[in-house]
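These protein sequence lines are chains P and S, in that order. All you need for our numbering is the position in the first sequence, starting with 1, plus 141. All you need for our numbering is the position in the second sequence, starting with 1, plus 141. For every residue, glycine included, the Cβ atom is placed at its ideal position computed from N, Cα and C. Every value quoted in this text rests on a predicted model; they were computed, and no experiment measured them.
Protein chains: 2
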Amino acid sequence: MRGTVVKFGGSSVATPEKIGLIADGIIKRKRDAGAVVVVVSAMGKTTNGLIELSQRITAVPDKRAMDMLLATGEQVSIAMLAMALIERNCPAVPLTGWQAGILTESGHMNSRVNGVDTTRIQRELAQDHVVVVAGFQGVSEDEEITTLGRGGSDTTAVALAAALNWPCEIYTDVEGIYTVDPRLHADARKIDTISHDETFELSCLGAKVIEPRSVELAAKYGVDLQILLNTMDKPGTRITRQSDPMEQNVVNKVSVLDNVLLVSVDQAPEERLPEMFSNLAEAKVNIDVISRTPNGEGVSFTAPMENEADIVRVLQGMPIDFVIRRDKSKVSVVGNAMRTHPGVAAKAFRAFHEHKLPFRQVSTSEISISFIVDAETKHRAVKALIEAYGL
Amino acid sequence: MRGTVVKFGGSSVATPEKIGLIADGIIKRKRDAGAVVVVVSAMGKTTNGLIELSQRITAVPDKRAMDMLLATGEQVSIAMLAMALIERNCPAVPLTGWQAGILTESGHMNSRVNGVDTTRIQRELAQDHVVVVAGFQGVSEDEEITTLGRGGSDTTAVALAAALNWPCEIYTDVEGIYTVDPRLHADARKIDTISHDETFELSCLGAKVIEPRSVELAAKYGVDLQILLNTMDKPGTRITRQSDPMEQNVVNKVSVLDNVLLVSVDQAPEERLPEMFSNLAEAKVNIDVISRTPNGEGVSFTAPMENEADIVRVLQGMPIDFVIRRDKSKVSVVGNAMRTHPGVAAKAFRAFHEHKLPFRQVSTSEISISFIVDAETKHRAVKALIEAYGL
Numbered sequence: 142m143r144g145t146v147v148k149f150g151g152s153s154v155a156t157p158e159k160i161g162l163i164a165d166g167i168i169k170r171k172r173d174a175g176a177v178v179v180v181v182s183a184m185g186k187t188t189n190g191l192i193e194l195s196q197r198i199t200a201v202p203d204k205r206a207m208d209m210l211l212a213t214g215e216q217v218s219i220a221m222l223a224m225a226l227i228e229r230n231c232p233a234v235p236l237t238g239w240q241a242g243i244l245t246e247s248g249h250m251n252s253r254v255n256g257v258d259t260t261r262i263q264r265e266l267a268q269d270h271v272v273v274v275a276g277f278q279g280v281s282e283d284e285e286i287t288t289l290g291r292g293g294s295d296t297t298a299v300a301l302a303a304a305l306n307w308p309c310e311i312y313t314d315v316e317g318i319y320t321v322d323p324r325l326h327a328d329a330r331k332i333d334t335i336s337h338d339e340t341f342e343l344s345c346l347g348a349k350v351i352e353p354r355s356v357e358l359a360a361k362y363g364v365d366l367q368i369l370l371n372t373m374d375k376p377g378t379r380i381t382r383q384s385d386p387m388e389q390n391v392v393n394k395v396s397v398l399d400n401v402l403l404v405s406v407d408q409a410p411e412e413r414l415p416e417m418f419s420n421l422a423e424a425k426v427n428i429d430v431i432s433r434t435p436n437g438e439g440v441s442f443t444a445p446m447e448n449e450a451d452i453v454r455v456l457q458g459m460p461i462d463f464v465i466r467r468d469k470s471k472v473s474v475v476g477n478a479m480r481t482h483p484g485v486a487a488k489a490f491r492a493f494h495e496h497k498l499p500f501r502q503v504s505t506s507e508i509s510i511s512f513i514v515d516a517e518t519k520h521r522a523v524k525a526l527i528e529a530y531g532l
Numbered sequence: 142m143r144g145t146v147v148k149f150g151g152s153s154v155a156t157p158e159k160i161g162l163i164a165d166g167i168i169k170r171k172r173d174a175g176a177v178v179v180v181v182s183a184m185g186k187t188t189n190g191l192i193e194l195s196q197r198i199t200a201v202p203d204k205r206a207m208d209m210l211l212a213t214g215e216q217v218s219i220a221m222l223a224m225a226l227i228e229r230n231c232p233a234v235p236l237t238g239w240q241a242g243i244l245t246e247s248g249h250m251n252s253r254v255n256g257v258d259t260t261r262i263q264r265e266l267a268q269d270h271v272v273v274v275a276g277f278q279g280v281s282e283d284e285e286i287t288t289l290g291r292g293g294s295d296t297t298a299v300a301l302a303a304a305l306n307w308p309c310e311i312y313t314d315v316e317g318i319y320t321v322d323p324r325l326h327a328d329a330r331k332i333d334t335i336s337h338d339e340t341f342e343l344s345c346l347g348a349k350v351i352e353p354r355s356v357e358l359a360a361k362y363g364v365d366l367q368i369l370l371n372t373m374d375k376p377g378t379r380i381t382r383q384s385d386p387m388e389q390n391v392v393n394k395v396s397v398l399d400n401v402l403l404v405s406v407d408q409a410p411e412e413r414l415p416e417m418f419s420n421l422a423e424a425k426v427n428i429d430v431i432s433r434t435p436n437g438e439g440v441s442f443t444a445p446m447e448n449e450a451d452i453v454r455v456l457q458g459m460p461i462d463f464v465i466r467r468d469k470s471k472v473s474v475v476g477n478a479m480r481t482h483p484g485v486a487a488k489a490f491r492a493f494h495e496h497k498l499p500f501r502q503v504s505t506s507e508i509s510i511s512f513i514v515d516a517e518t519k520h521r522a523v524k525a526l527i528e529a530y531g532l
């Protein structure tokens, strides 16, 4: 069957009125695409509201119960969108994660998708129903409701697209992926085509348009992804195996990831590290950049702010001293051109040096270079890099 | 295994603070009872909020989508209560209707419980977990989320108690069942023991303390029911197979059911009636009192206000004229004594006549007599009946 997976984030379904507009767009899209599976996030700030509600019970909520609580957000969205479609004479069925066959590992709050059982979805599609699937949630083998962590709805959409062998359209409140964040630079230009690899790198480095896990999944299964504006009337950015070679020169971007924790462990002998990082991994801490001082005594790493409680718990359980610094930012330069153009990194270091910008860590990949900086340094660093690379 | 099912309504779990108090009470209760399965409703006015949200999409929401939406209310409650129990070092697990094995027929919004598969619950109880079950919801054979209609959480609690062969404690914001509604009469006395039959009759006649379907289920499976105050520190009313014979004389109550629709069909030939009532039954309309005029041309019946849209839809699909009158009330006198004491009904008719109180319909059962009256007549009718029976 011919069709497409479309995904809408929380801001696109924030009110019943917006849900109505999305319903109109989906009906139009179905005419062209043949069949449509829709993935939606929780309405607006619902998830934050649920987190705040849980904090009125406890600062450290049980993770199984937290998944149970959070999963209600998307369940409300699918019910509302299905109602709106049916109201417009478009047969539709709302499916939760477990009904849609989103099978995950048994961990909670940041669970990985193990597979998709499309039996139910196929049955609904065969009846010409628009299938409205709750993003961000799945079910484990032992019938527990799980959630997929940050950007989980994107993951749901890409996993469904891979399982159905369909393309995947991610509708957002921006027109696509830009050379620089338009909020940082007015002349930012929308990119028409970009590779999975570059998008993955970008998303890891804080470009908020799509989460790295979904891009990784899309790359693995060769899913043709698009990022588009949720008015559904403009071409967006297409993410495919290869970026347009014509674009290579200009795919230089500066991106910023905020709310980074910088954790430093003072005395960390070599033999302690495997245990520490495996404990952190078990606690589902998303460690990003790891640095080791040359004398080999200390180690530091970065992680997202929401992992702070887990990090504290793990490290307090070990015979080590540690310091957590909050509110750091990661400022990155990224572009495929870096593979083949030496001197790109040097230019960044020069920019930091000339503007007397302090940084706490630095890390590089084949196509990016990232600096961990204090919050007050961030904007000056972005400006310096934009100037340095002429973006 | 020894244990008890306890149930808390929406007002008992209206805020995180109230949920905390309930958690304290449950932990105490578990010490005496051995094991506890808790059934909870949605927090406070959540269900009304969800209904209002759906009405911003459509006046007539799709029923499957509506069940999907409503089921989130109880899911939030179980997550919050489980968190509160775990926070207090009491191992607990939240289970939705489908996880708890509440199996229903496939109809939506007023679905009947077909059975309970206690496999999962037993597994959790064996690990000494408090099992927190979402009331009001179940799952149909085709894996659809269903809801059980008005008073559905009571039904969930009684069905679980029946399946586990445990007693069932319904905690509310009143101390039990009273001879007269305390809001109508200050000297109302709490009843210690009452029969399933009398409670069923009472609940059908508008006593809001428990829904008739749950009492019916309790009677069928011989479940020992109690209605208690949610402070969990006072004896309530025990509902068993037989009421205390000492109580028989005083079990005369006046109860009021508001928001009654009175539907009159002018020309309703005999051969049309089976079709009409079976169509209404299919649409899950809860028809209460049916009256037929002596000349055999018209028929009228009462139903709850929330069935109005379904009634209109069914009757408009038939070649008949009908009138719907809203805001009627059903005022009833009920008591086992009526079985053996002739003249009880006569006394009620005399009270209506003497006070010049008009009524639109009257119906009787073995242990009750009910009058359908206009809203403005209600209070005078209650007063007249309280006087007439010396309550």
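Within the same chain, 474, 486, 489 come within 6 Å of residue 510 (chain P) by CB-CB distance, once the 5 residues on both sides are set aside. Partner residues in a beta bridge of residue 344 (chain P), as assigned by DSSP, do not exist. Against chain S, a Cβ distance below 9 Å from residue 213 (chain P) picks out 212, 213, 214, 216, 217, 220.
Taking 4 residues as the minimum length, the alpha helix (DSSP H) runs contained wholly in the segment 289-319 of chain P are 293-305, in order along the chain. Assigned with DSSP and collapsed to three states, residue 427 (chain P) falls in coil, not helix or strand. About 6 Å separates the CB atoms of residue 427 (chain P) and residue 445 (chain P); that is less than 8 Å, so the two are in contact.
Remark: C-beta atoms of residue 226 (chain S) and residue 299 (chain S) do not approach each other more closely than 9 Å. In terms of CA proximity to residue 256 (chain P), P:297 leads the group P:319, P:323, P:153, P:297.
Within 10 angstroms of the beta-carbon of residue 508 (chain P) lie 16 or more other beta-carbons, which makes it buried.
The CB of residue 161 (chain P) comes closer than 8 Å to the CB of 198 in chain S, given here in chain order. Within its own chain, the residues whose Cβ lies closer than 6 Å to the Cβ of residue 143 (chain P), once the five positions on either side in sequence are excluded, are 175, listed in chain order. By the Cβ neighbour-count rule, residue 458 (chain S) is exposed, with fewer than 16 other Cβ atoms within 10 Å of its own. For residue 189 (chain P), the enclosing alpha helix (DSSP H) has its first and last residue at 187-196. Nearest C-alpha to residue 266 (chain S) among S:178, S:363, S:216: S:178.
Within chain S, the residues placing a beta-carbon under 9 Å from that of residue 195 (chain P) are 157, 220, 221, 224, ordered along the chain.
Between residue 288 (chain P) and residue 236 (chain P), the C-beta spacing is not below 9 Å. Of all residues in the segment 278-302 of chain P, only 284 place a beta-carbon less than 7 Å from a beta-carbon of chain S.
With 16 or more other Cβ atoms from the protein chains shown falling within 10 Å of its own Cβ, residue 336 (chain S) counts as buried.
Judged by their CB atoms, residue 217 (chain S) and residue 241 (chain S) are not nearer to each other than the 9 Å cut-off. For the segment 447-459 of chain P, no residue has a beta-carbon sitting nearer than 7 Å to a beta-carbon of chain S. DSSP places residue 408 (chain S) in the coil class of the three-state scheme, outside both helix and strand. Under DSSP, residue 148 (chain P) takes part in a beta bridge, and its partners are P:180, P:311. For the pair residue 398 (chain S) and residue 467 (chain S), the CB atoms are not nearer than the 9 Å cut-off. Residue 375 (chain S) carries a coil assignment under DSSP once its states are collapsed to helix, strand and coil. Boundaries of the alpha helix (DSSP H) harbouring residue 157 (chain P): 157-174, taken from the DSSP string. Excluding its 5 nearest sequence neighbours in each direction, residue 155 (chain P) has C-beta neighbours in its own chain below 7 Å: 184, 185, listed in chain order. With respect to chain P, the C-beta atom of residue 245 (chain S) has no partner C-beta closer than 9 Å. Contact between residue 254 (chain S) and residue 260 (chain S) does not hold, since the beta-carbon distance rounds to 16 Å and is not under 8 Å. Take residue 223 (chain P), set aside five residues on each side of it, and the residues of its chain with a beta-carbon closer than 7 Å to its own are 233, 234, 235, 273, in chain order. Looking at P:361, P:417, P:282, the one whose alpha-carbon comes closest to that of residue 304 (chain P) is P:361. Residue burial is scored here from C-beta neighbours: residue 519 (chain S) has at least 16 other C-beta atoms within 10 angstroms and is therefore classed as buried.
The Cβ atoms of residue 312 (chain S) and residue 358 (chain S) lie no closer than 9 Å to each other. A straight-line Cα-Cα distance of about 27 Å links residue 158 (chain S) and residue 290 (chain S). Counting only residues of its own chain and dropping the five nearest sequence neighbours on each side, residue 269 (chain S) has a CB closer than 7 Å to the CB of 232. If you draw a straight line from the Cα of residue 405 (chain S) to the Cα of residue 461 (chain S), it comes to about 11 Å. In the DSSP annotation of this structure, the continuous segment of the beta strand (DSSP E) that includes residue 470 (chain S) starts and ends at 463-475.
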